[in-house]
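Visitor: Going from the sequence shown to the working numbering is simple: count from 1 and add 26.
Virtual Cβ for every residue (Gly too), placed ideally from N, Cα, C.
None of these values were measured; they are calculated from a predicted model.
Would you mind keeping the following structure in view while I ask a few things?
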Amino acid sequence: MKLSKEQIASLYKFTRQHYVVHYDLQTELVDHLANDIETIWETKPSLSFEQARDISFKKFGVFGFMDVVSARQKAMNKRYMKLLWLFARDWFAFPELLKTLVVFFIVLFLFQLDYGNYLAISLFTGLFVAMFIKGVKFSKYIKKKEKPKEKLWLLEDLIFRNASANALLLLSLVVNSYNTISIFWTYKFAPLIAALVFTLFTIYSYVSVVVLPNKSQDVLKKVYPEFNV
Numbered sequence: 027m028k029l030s031k032e033q034i035a036s037l038y039k040f041t042r043q044h045y046v047v048h049y050d051l052q053t054e055l056v057d058h059l060a061n062d063i064e065t066i067w068e069t070k071p072s073l074s075f076e077q078a079r080d081i082s083f084k085k086f087g088v089f090g091f092m093d094v095v096s097a098r099q100k101a102m103n104k105r106y107m108k109l110l111w112l113f114a115r116d117w118f119a120f121p122e123l124l125k126t127l128v129v130f131f132i133v134l135f136l137f138q139l140d141y142g143n144y145l146a147i148s149l150f151t152g153l154f155v156a157m158f159i160k161g162v163k164f165s166k167y168i169k170k171k172e173k174p175k176e177k178l179w180l181l182e183d184l185i186f187r188n189a190s191a192n193a194l195l196l197l198s199l200v201v202n203s204y205n206t207i208s209i210f211w212t213y214k215f216a217p218l219i220a221a222l223v224f225t226l227f228t229i230y231s232y233v234s235v236v237v238l239p240n241k242s243q244d245v246l247k248k249v250y251p252e253f254n255v
């Protein structure tokens with residue numbers, strides 16, 4: 027006996043009720059549950075849909091879907107990091123390498139001025155403000171996509187949620203800098219190190235906050251064949 031469209035829809039609702047919010051993971055679990063329910067019905071046709079569903083769900087163990095979700099999240103995190111590197115490495119090869127070097131030497135020049143330490147804090151703070159504004163926008167986008175009628179994909183969530191989190195990472199760096207910048211700047215190579223860190227973090231921020239979100243639709247189409255369905 028095959029499941030009806032209404033029963034398939036109820037399985038999607040069932041996975042969401044068990045804290046699976048990403049559509050691709052929901053689809054994977056629904057396919058598994060549907061196949062298992064049909065197999066159960068072959069030997070126990072008298073069982074109701076709900077009874078067969080609960081039997082299938084118990085096979086996932088005490089933690090339900092969480093083990094499957096955790097495994098998929100780890101795998102997708104690796105994929106996300108590969109995407110970051112794929113786009114970031116362009117800035118270390120021609121012609122983008124020239125832009126990287128220009129940014130580095132301009133920042134190095136500024137940091138070597140008499141008040142270079144204050145300029146360093148100002149630039150890092152400016153970068154944080156720009157990222158924070160984008161982060162707020164992305165957080166609203168994710169909240170909207172988490173609504174039941176929307177489809178939030180795991181990789182999509184990682185792209186936009188990590189873009190928001192990067193602002194907090196930079197904030198911690200800026201806050202710590204206020205307390206240590208004067209001591210750090212007494213070292214001979216402090217401006218060089220600060221310029222290098224700023225350049226690398228700018229590239230990382232640009233790729234994670236601008237490039238990946240802007241290309242997210244194309245990326246999702248490649249990862250998920252059913253994305254446009």
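Look at the alpha carbon of residue 10 and the alpha carbon of residue 193, and state the distance between them as a whole number of angstroms.
Guide: Since the first residue shown for the chain is 27 and the last is 255, residue 10 is missing from the structure and cannot be characterised.
Visitor: Our contact map puts residue 114 next to residue 230 with C-beta atoms below 8 Å; I'd like the distance itself, whole angstroms only.
Guide: About 7 Å separates the two Cβ atoms, so the contact holds.
Visitor: Indicate the three-state DSSP secondary structure (helix, strand or coil) for residue 29 in the structure shown.
Guide: Residue state, collapsed to three classes: coil.
Visitor: Look at the alpha carbon of residue 247 and the alpha carbon of residue 207, and state the distance between them as a whole number of angstroms.
Guide: Approximately 45 Å between the Cα atoms of the pair.
Visitor: Short check: CB of residue 185 to CB of residue 106, under 8 Å?
Guide: Yes.
Visitor: DSSP state of residue 44, grouped into three classes?
Guide: Note: residue 44 maps to coil in three-state DSSP.
Visitor: Where residue 31 and residue 166 are concerned, what is the direct C-alpha to C-alpha distance, given to the nearest angstrom?
Guide: Taking the straight line joining both Cα atoms gives about 32 Å.
Visitor: Is it buried or exposed for residue 6, if we count other Cβ within 10 angstroms and need 16 for buried?
Guide: Outside the displayed range of the chain (27 to 255) lies residue 6, so it cannot be described from this structure.
Visitor: By the 10 Å Cβ neighbour count, where 16 or more other Cβ atoms means buried, how is residue 85 classified, buried or exposed?
Guide: When all chains shown are included, residue 85 counts as exposed.
Visitor: On the DSSP bridge assignment, give the partners of residue 178 in chain order.
Guide: BP columns for residue 178 point to 48.
Visitor: Would residue 148 be called buried (16 or more neighbouring beta carbons within 10 Å of its own) or exposed?
Guide: With fewer than 16 Cβ atoms within 10 Å of its Cβ, residue 148 is classed as exposed.
Visitor: Mind checking residue 71: buried by the 16 CB within 10 Å criterion, or exposed?
Guide: It is exposed - the Cβ of residue 71 has fewer than 16 other Cβ atoms within 10 Å.
Visitor: Pick from 55, 47 and 250: whose alpha carbon is nearest that of residue 170?
Guide: Out of 55, 47 and 250, 47 has the C-alpha closest to the C-alpha of residue 170.
Visitor: Of the choices 245, 189, 94 and 158, whose alpha-carbon is the least far from that of residue 262?
Guide: Nothing in the structure corresponds to residue 262, since the chain is present only between 27 and 255.
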